[in-house]
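Written below as structure tokens is the structure these notes are about.
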Amino acid sequence: MQTYYYVLASHRFLLEEEPIHEVLKERNRNYHEQEKQIDFWLVEQPAFLEAPQFKELKAKCPQPAVAIISTNPQFITWLKLRLEYVITGEFQAPSEAIPDALASLTTVS
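Start counting the sequence shown at 0; every next residue gets the next number (numbering that gives the first Met the number 0).
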């Protein structure tokens with residue numbers, strides 16, 4: 000099992016009010032330059048929020064939610080300090096409650 004760390008916020012805040020795409024684009028470029036494997040993902044309407052242990056968290060976060068999920072806890076801490084108005088946490092996957100850490104409830108149209 001792998002530990003995943005996340006920042007969670009509303010779609011409006013994370014994708015419309017904050018320049019998060021620029022932050023992720025720059026980090027992606029930096030990883031490629033250093034030949035590091037990507038360890039972060041942006042997930043719209045993350046399915047992990049459907050797990051029973053996240054019921055209260057889901058109720059607390061305006062919907063639709065967006066998460067940036069990573070295996071790097073320092074990156075999530077840095078995002079929390081930069082963005083401020085986000086929720087952070089961690090979970091283990093795959094598990095019975097969370098079979099796919101990066102699954103989304105959105106459908107591609």
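A virtual CB, placed ideally from N, CA and C, is assigned to each residue, including glycine.
Would you say residue i and residue j are within 8 Å of each other, going by their C-beta atoms?
i, j, result
"isoleucine 86", "alanine 50", "no"
"threonine 2", "glutamate 89", "yes"
"serine 69", "aspartate 38", "yes"
"serine 103", "proline 45", "yes"
"leucine 23", "leucine 7", "no"
"glutamate 17", "leucine 82", "yes"
"leucine 13", "valine 65", "yes"
"leucine 162", "lysine 57", "What is shown of the chain runs 0 to 108, which leaves residue 162 out entirely."
Given a threshold of 16 other Cβ atoms within 10 Å of its Cβ, counted over all protein chains shown, does residue i qualify as buried or as exposed?
i, result
"proline 93", "exposed"
"tyrosine 5", "buried"
"leucine 80", "exposed"
In the DSSP output, which residue or residues are listed as bridge partners for residue i?
i, result
"glutamate 43", "Val65"
"leucine 14", "Leucine 14 is not bridged to any residue."
"alanine 8", "Val65"
"glutamine 1", "Ala92"
Would you check if there are 3 or more beta carbon pairs closer than 8 Å linking the segment 49 to 64 to the segment 27 to 38? no
Which parts of the segment 60 to 105 are runs of the alpha helix (DSSP H), unbroken and 4 residues or longer, counting only runs that do not cross its ends? 72 to 82
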